[in-house]
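Residue numbers (UniProt numbering): 1 to 73. Ideal Cβ placement from N, Cα and C applies to all residues, glycine included. Remember, it's a predicted structure, so these values are computed and weren't measured experimentally.
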Amino acid sequence: VPIVDPIGAGPLIWLNPVPEPNAVKNRMHLDVVGDVDELVALGARVIRRRDDEIGWDILADPEGNEFCIFADS
């Protein structure tokens, strides 16, 4: 389900169901457009680089929260 700013000024947020069961408390997972190198310089670490299987990079913030990065188009 997309959540869109009607005037296009704010971020686009998607709510997506996942197939795996909820084993712990709910958490937020963000997919954002950004530059991996810039985010790593700010303290993120790369979990997985985009490849033939996935078209995005997976990073984690300093507390271990994972998020996905899509290239700016």
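Practice task
Report the partner residues of Pro2 according to the DSSP bridge assignment.
Solution key: Trp14
Exercise for the section: Using three-state DSSP, classify Ala44 as helix, strand or coil. Expected result: The answer is coil: DSSP assigns Ala44 none of H, G, I, E or B.
Practice task
Would you kindly work out how many angstroms separate the C-alpha atoms of Cys68 and Ala44, rounded to a whole number?
Solution key: For Cys68 and Ala44, the gap between their C-alpha atoms comes out near 11 Å.
Problem - Supposed close pair Val46, Val33 - CB separation, criterion 8 Å - result: At roughly 17 Å, the Cβ-Cβ gap does not stay under 8 Å, so Val46 and Val33 are not in contact.
Problem - Run of the beta strand (DSSP E) containing Ile58, from where it starts to where it stops - result: 57-60
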